Amino acid sequence: MKKITVSIGSEHHSVAIGTTVEEVLAIANLVSDCRTQTYKDNPYIGALLNGELHSCTRSLLADCSLEPVHLFSDMGKRVYRHSISYLLCAAVSMLYPHRRLIIGHALGDGYYFRFDDKLTLGIDDISTIEKTMRM
-5 MKKITVSIGS
5 EHHSVAIGTT
15 VEEVLAIANL
25 VSDCRTQTYK
35 DNPYIGALLN
45 GELHSCTRSL
55 LADCSLEPVH
65 LFSDMGKRVY
75 RHSISYLLCA
85 AVSMLYPHRR
95 LIIGHALGDG
105 YYFRFDDKLT
115 LGIDDISTIE
125 KTMRM
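The letter at position 115 of the sequence shown is residue 109 when you use the working numbering, and the numbering goes up by one with no holes.
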């Protein structure tokens, strides 16, 4: 079995080719399982591999440096916002295929969303969108 070297800060770990980011984080004793972290844990949501952002499920194929990305970091917040925006767009597209959702400018830690028509959403519609996003 071929091995690669993954550097996390000053530590170097020898792992099998194909090992995932999540598995390396566990080997380095940084986390036991990325999927069971809670919000309060400031969970890992990915990692920079040689300076490029990847998910925790990414398989490693060559020697690299790995820098974990936490949810509450600047990059982690951007990843979260983009991901949740994608889920919102997918849910709206499934529920309202003939409406176009527009993502507007950022407002502090969020975005401004609107439809390109004059129809409005009620509380029940928003609840349905939220449930669809959680599926």
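From the three backbone atoms N, C-alpha and C, an ideal C-beta is built for every residue, glycine too.
Owing to the predicted nature of the structure, the values given are computational and were not obtained by experimental measurement.
Check, Outcome
"So which of 10, 114 and 105 has the shortest CA-CA distance to residue 57?", "10"
"Output the boundary residues of the alpha helix (DSSP H) element that contains residue 75.", "68 to 89"
"What's the gap between the Cα of residue 2 and the Cα of residue 85?", "37 Å"
"Out of 55, 50, 24 and 35, which one is the CA nearest neighbour of residue -3?", "55"
"Buried or exposed: where does residue 33 fall if 16 or more other Cβ atoms within 10 Å of its Cβ makes it buried?", "exposed"
"Does the beta-carbon of residue 41 have 16 or more other beta-carbons within 10 angstroms, so that it is buried, or is it exposed?", "buried"
"Spatial neighbours of residue 111 within its chain, please: C-beta separation below 7 Å, excluding the five flanking residues on both sides.", "93"
"Here's a check: name, in chain order, each residue in its chain whose Cβ is nearer than 8 Å to the Cβ of residue 14, leaving out the five neighbours to either side.", "50, 51, 52, 53 and 54"
"What are the start and end residues of the alpha helix (DSSP H) that includes residue 121?", "117 to 128"
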